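These protein sequences, in sequence, are chains B and Z.
In this text, residue positions in the first sequence follow this note's numbering: the first is 247, and each later residue adds one.
In this text, residue positions in the second sequence follow this note's numbering: the first is 247, and each later residue adds one.
For glycine and all other residues, C-beta sits at the position ideal for the given N, C-alpha and C.
Owing to the predicted nature of the structure, the values given are computational and were not obtained by experimental measurement.
One structure below.
Protein chains: 2
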Amino acid sequence: MAIEDRYRGIVEAARDVIARRGYHQASTREIARAADLSLAGLYHYVGGKDELLFLVLDRALDTLIGALDAAQAKARTPETKLLALIQTHLDFGFRQAADLKIINRDWELLEEPRRSEIAAKRGEYLKRGLATLGDLDPRGRSRDELLSATNLLLGMLNGIATRPFLRSSDNARALAGEVGALFLYGFLEPVEAHHDA
Amino acid sequence: MAIEDRYRGIVEAARDVIARRGYHQASTREIARAADLSLAGLYHYVGGKDELLFLVLDRALDTLIGALDAAQAKARTPETKLLALIQTHLDFGFRQAADLKIINRDWELLEEPRRSEIAAKRGEYLKRGLATLGDLDPRGRSRDELLSATNLLLGMLNGIATRPFLRSSDNARALAGEVGALFLYGFLEPVEAHHDA
DNA sequence: CCTCCTACCGAACGTGCGTTCTGTTGCGCG
DNA sequence: CGCGCAACAGAACGCACGTTCGGTAGGAGG
């Protein structure tokens, strides 16, 4: 059990340093220091810097996808499934800001073949968004249209999740309602008299 | 005149290399090579790497803001002003993909005081978006609400402009219409029977 | 013709990086 | 007790980077 704690500490140290400095500015020396290890000690546990980035991304995406599945499992209607996605994403952006930053900014810096593995996991998340919007679609949008709509939605979410807009978990929840309304009904919708539970 | 061409070539070389590799991976040696200069020759024109990034960002933001102003000058209604913004942004994302990538990804890596100067120019662009949405707002949204809506919109735009969604300038124009409709009327709007000129 | 000055270039300097080599300690197990 | 292996650490290696230094060619001005 202690050894898994060691690994967890290392991954968390890597996450913090990489999020703060960016992958290429984050030195293995600083990560080792943050993990309370010597540089050589760090290399006892991981094979190199690239693997550190991979471990961070892998863990973060698992957490994000797991949270999304858990939140959507309770939802009954397509609307609440969308709201669950938005809420989960924004909440993740608030609580795991470092992870989200790395997911959006640094994942392309991975070397193959780890990059493909992470790309697949990112695709999993995108697929969930696509399915959620597909269930919601009133007219028969093509797969390409749904895909750009999904990217639009995720772009919106990352746009506010990355910047310092989220100030608390409650704030994130409230914002999720606004974002959902805007996405579903548009900016011009005059009042917020929607039909919801 | 030849010397301005030299500078332009240097800035364009820096833009291409930085966009492709990312700022910290882009070496001054590679930029010099792309600009047909020796490393020391490059340093004859610019003071350092940070200044190269600044020159790229400064030029790119001037171009973007100039294009936005030109496009919005012809617009008469708030709706067409918004459409002009969306179209300009997506077109910029297609035609100056390298510039947009650097604007969104690398600007924070600038050192002070150049960082503040670029931040101000970015603020100028955001301000235009804020004003455009303010003119359009049907209910009385607060400045904070308008600001998050602006960030939502720009996040959407960057979400598709950064990824390889734009395949041609015409494609960008068509996509702009879809994005505008989605932002104004929402994802649930059943048909695209909008009232427009 | 000599003198500047601009526009460069080759080579080097110092630094920080990722990684590796060579241990050393201490604990479980026979 | 002693053997071996896991868990580290100190120091170094080699490389790539940003930057600088010392120089040179060539054209303009007197």
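So, is residue i buried or exposed, given that buried needs 16 or more other C-beta atoms within 10 angstroms?
i	result
E358/B	exposed
A443/Z	Note that A443/Z scores a pLDDT of 40, beneath 50, so its modelled location is shaky; the value from the coordinates is reported in the next line. Its Cβ having fewer than 16 others within 10 Å, A443/Z is exposed.
E325/B	buried
A265/B	buried
A420/Z	exposed
K373/Z	exposed
A248/Z	exposed
Q342/Z	buried
For residue i and residue j, what's the separation of their Cα atoms in angstroms?
i	j	result
L301/Z	I364/Z	10 Å
Y289/Z	T274/Z	9 Å
Q318/B	L310/B	12 Å
H441/Z	L430/Z	Interpretation of H441/Z is limited by its pLDDT of 49, a score under 50 that renders its predicted location unreliable; the figure taken from the coordinates is listed afterwards. Approximately 12 Å between the Cα atoms of the pair.
G312/B	W353/Z	33 Å
S394/B	D381/Z	27 Å
S284/Z	G268/Z	21 Å
K347/Z	T408/Z	7 Å
L299/B	T378/Z	40 Å
L355/B	D296/Z	21 Å
Using a C-beta to C-beta distance shorter than 9 Å, which residues of chain B count as neighbours of residue i?
i	result
V425/Z	S394, L398
F411/Z	L393, S394, N397
Taking the alpha helix (DSSP H) that residue i falls in, what are its first and last residues?
i	result
K295/Z	295-319
D337/Z	324-341
V292/B	Run containing V292/B: none; DSSP gives neither H nor E here.
L392/B	389-408
F433/B	Here F433/B belongs to no alpha helix (DSSP H), and DSSP marks it neither H nor E.
L355/B	Run containing L355/B: none; DSSP gives neither H nor E here.
A272/B	Where A272/B is concerned, there is no enclosing alpha helix (DSSP H), given that its DSSP letter is neither H nor E.
G255/B	248-267
Closer than 7 Å by beta-carbon distance: list the chain B residues that pair up with residue i, in chain order.
i	result
F429/Z	G432, F433
Kindly list, in the order they appear in chain Z, the residues whose Cβ is closer than 7 Å to that of residue i.
i	result
R368/B	The premise fails here: R368/B is roughly 12 Å from chain Z at the closest Cβ pair, so nothing lies under 7 Å.
Name the chain B residues that come within less than 8 Å of residue i, Cβ to Cβ?
i	result
I406/Z	S394, N397, L398, G401
H270/Z	G268, H270, Q271
L421/Z	S394
Can you find a heavy atom of the ligand NAD that lies under 7 Å from the Cβ of residue i?
i	result
A259/Z	Looking for the ligand NAD in the displayed structure turns up nothing, as the structure carries no ligands at all.
Going along chain Z in order, which residues have a C-beta closer than 9 Å to the C-beta of residue i?
i	result
L382/B	F433, L434
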